[in-house]
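Okay, so the sequence shown: first residue is 53 according to this note's numbering, each after it adds one. We put the CB at the ideal spot given by N, CA and C, even for glycine. Taking it in order: structure first as structure tokens, then the write-up.
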Amino acid sequence: MTFLEKALGFDSKSMKLRTEIIAGATTFLTMSYILAVNPAILTTTGMDKGALFTGTALAAAIATLLLAFMAKLPFAQAPSMGLNAFFAYTLCVSLKFTWQQSLAIMLIEGILFIIITFFNVREMILNAIPTNLRYAISAGIGMFIAFIGLKNADIIVDNQATLVGLGAFTPTCILGIIAILLSGALMARNVKGSLFWGIIITTIIGIPMGVTVIPDSWMPVSAPQDITPIFCKFDFSGLMNLKTVLVVFSLLLINIFDTIGTLMGLADKTGIVEPNGNIPHVKEAMMSDAIGTTCGAMLGSSTLTTYVESASGIAEGGRSGVTAFTVGIFFIVALFLSPIFLLIPSAATSGALVMVGVLMIDSVKKINLQDITESFPAFITMITMVLCYSIADGICLGILAYVFMKTFTRQWKDLNWTLIVLAVLFILNFVKS
Numbered sequence: 053m054t055f056l057e058k059a060l061g062f063d064s065k066s067m068k069l070r071t072e073i074i075a076g077a078t079t080f081l082t083m084s085y086i087l088a089v090n091p092a093i094l095t096t097t098g099m100d101k102g103a104l105f106t107g108t109a110l111a112a113a114i115a116t117l118l119l120a121f122m123a124k125l126p127f128a129q130a131p132s133m134g135l136n137a138f139f140a141y142t143l144c145v146s147l148k149f150t151w152q153q154s155l156a157i158m159l160i161e162g163i164l165f166i167i168i169t170f171f172n173v174r175e176m177i178l179n180a181i182p183t184n185l186r187y188a189i190s191a192g193i194g195m196f197i198a199f200i201g202l203k204n205a206d207i208i209v210d211n212q213a214t215l216v217g218l219g220a221f222t223p224t225c226i227l228g229i230i231a232i233l234l235s236g237a238l239m240a241r242n243v244k245g246s247l248f249w250g251i252i253i254t255t256i257i258g259i260p261m262g263v264t265v266i267p268d269s270w271m272p273v274s275a276p277q278d279i280t281p282i283f284c285k286f287d288f289s290g291l292m293n294l295k296t297v298l299v300v301f302s303l304l305l306i307n308i309f310d311t312i313g314t315l316m317g318l319a320d321k322t323g324i325v326e327p328n329g330n331i332p333h334v335k336e337a338m339m340s341d342a343i344g345t346t347c348g349a350m351l352g353s354s355t356l357t358t359y360v361e362s363a364s365g366i367a368e369g370g371r372s373g374v375t376a377f378t379v380g381i382f383f384i385v386a387l388f389l390s391p392i393f394l395l396i397p398s399a400a401t402s403g404a405l406v407m408v409g410v411l412m413i414d415s416v417k418k419i420n421l422q423d424i425t426e427s428f429p430a431f432i433t434m435i436t437m438v439l440c441y442s443i444a445d446g447i448c449l450g451i452l453a454y455v456f457m458k459t460f461t462r463q464w465k466d467l468n469w470t471l472i473v474l475a476v477l478f479i480l481n482f483v484k485s
């Protein structure tokens, strides 16, 4: 236990090892969809799918294990949903970069991340965010996570007339509803590991429904796929231009605020936030993210980030680096047991995601709703996170609204130079895009 305490921040007096391990398993199961989704998205660029699976698992394992030992927090990291689409459809399709050039851009971004994290730039930005916006970010992330769960289960779908709408009662939708109701019922009965068991039971229920698909000649164990086709395949030719600079700048802004928002929301749920708003070991968490992104580029992956799905493990009681360590080990095991993990349908994880949203929404009650200059930016932050399907966009628009309201009402004392500089950068970035 002494080793666990020193290396991973495990306190045997207030924590239980079994709880931390179950929390890690829950987080992994909730975010394990990335092992299937990331290769599916990046393979559209011409990259090898088998190699991408290995690269995704290794990158997630390295980044999460780094976070476990460096920050000792119960968070997990993996290739960012959204930025993998940016890699495939913006860099490779719209901007005509090859996937080798795109990996080089990811490497440059990772190195810059390490530099700005070392010089506390990201921590300075984090500390500049007002208290009410922090609560709004936490609540907004909860709503965003729940929306992801509803979308993954086809409960909420595209609607040409209204943008989104209620989906048809397909087997996937019905399984998602079962997952949500089952997870809620198990949690209401205080069943230990309720989200974990909800995922497992729902996956089994999905077999006769045809949602959990077991392929012919299925075997639970397989050797890791060869990563050679994408390992360190960088191409720096043609990158010395303004277009590349703007792309890297956009990636930095998106990832900085995606990670900052997620860290703030997750830290609030663990109860580790200090009275002055500081988050212990936040610099180490950000550094593991930066190093993970750099390693991920070498492994052929898009940018890595801290996963909002970590909240599912926190809801199960995860409070130390042991939870993150467990997630990292599961990603390594996944290299050999990929057929098992790929059986879990996204609908089976919807219950965990929705219940996490329920738990995180309580941050709203901490927001000062009496002052419109505080409540309006908080509302903008929460609603745009969901409607823009982006934590980063929600934070950017929330900060812009905050700076505008405080400036318009001449409440200069509530502003700081970091917020003002960020507002200017956001406006320039939005104009550019």
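With a threshold of 16 other CB atoms inside 10 Å of the CB of residue i, please say whether the residue is buried or exposed.
i    : result
K458 : buried
M339 : buried
V476 : exposed
D445 : buried
D278 : exposed
V334 : buried
M176 : exposed
Q153 : buried
R371 : buried
W464 : exposed
F62  : buried
R186 : buried
T169 : buried
T259 : Just to set this straight, residue 259 is Ile in the shown sequence, not Thr. By the 10 Å Cβ count, I259 comes out exposed.
How far does the beta strand (DSSP E) with residue i in it extend, from its first residue to its last?
i    : result
T357 : 356-358
G323 : Where G323 is concerned, there is no enclosing beta strand (DSSP E), given that its DSSP letter is neither H nor E.
G217 : 215-218
Alpha carbon to alpha carbon, how far is residue j from residue i? Give it in angstroms, no decimals.
i    : j    : result
N481 : I447 : 14 angstroms
A140 : L351 : 16 angstroms
T106 : L94  : 13 angstroms
F382 : L218 : 34 angstroms
T54  : L125 : 17 angstroms
I163 : T357 : 15 angstroms
F283 : L155 : 10 angstroms
Y103 : W270 : Note on residue identity: the sequence assigns Ala, not Tyr, to residue 103. Whole-angstrom Cα-Cα distance: 20 angstroms.
A453 : P276 : 48 angstroms
S364 : E57  : 23 angstroms
A123 : A130 : 16 angstroms
L238 : G201 : 17 angstroms
I251 : V265 : 15 angstroms
I424 : A112 : 41 angstroms
T97  : A128 : 26 angstroms
G76  : D268 : 31 angstroms
What is the DSSP secondary structure of residue i, reduced to helix, strand or coil?
i    : result
A128 : coil
V263 : coil
P276 : coil
P429 : helix
P281 : coil
S235 : helix
D287 : coil
A198 : helix
S246 : helix
L295 : Looking at the sequence shown, residue 295 is not Leu but Lys. K295: helix per DSSP, three-state reduction.
L104 : helix
T222 : coil
G192 : helix
N481 : helix
D268 : coil
G98  : coil
I331 : coil
D63  : coil
S353 : coil
G370 : coil
A205 : coil
N307 : helix
L474 : helix
So with Cβ pairs under 9 angstroms, would you call residue i a contact of chain C?
i    : result
L135 : The structure shown contains no chain C, having only a single protein chain.
In the DSSP assignment, the alpha helix (DSSP H) including residue i goes from what residue to what residue?
i    : result
I208 : It is not in any alpha helix (DSSP H) - I208 instead sits in the beta strand (DSSP E) that spans 208-211.
E57  : 54-60
K335 : 334-350
A77  : 69-83
A367 : 362-367
I548 : Here the chain covers residues 53 to 485 and nothing more, so residue 548 does not appear.
L487 : This structure does not reach residue 487, given that the chain is present from 53 up to 485, and the question cannot be answered.
Any heavy atom of the ligand MN closer than 8 angstroms to the beta-carbon of residue i?
i    : result
G194 : This structure lacks the ligand MN; in fact it carries no ligand of any kind.
Which runs of the beta strand (DSSP E) at least 3 residues long sit entirely within the stretch 108-190? Give them in chain order. Correct list: 129-131.
Fully enclosed by the stretch 391-464, which alpha helix (DSSP H) runs are 4 residues long or longer? When DSSP assignments are scanned along the stretch 391-464, the uninterrupted stretches of alpha helix (DSSP H) that are 4 or more residues long and fall wholly within it turn out to be 402-412, 424-439, 443-460.
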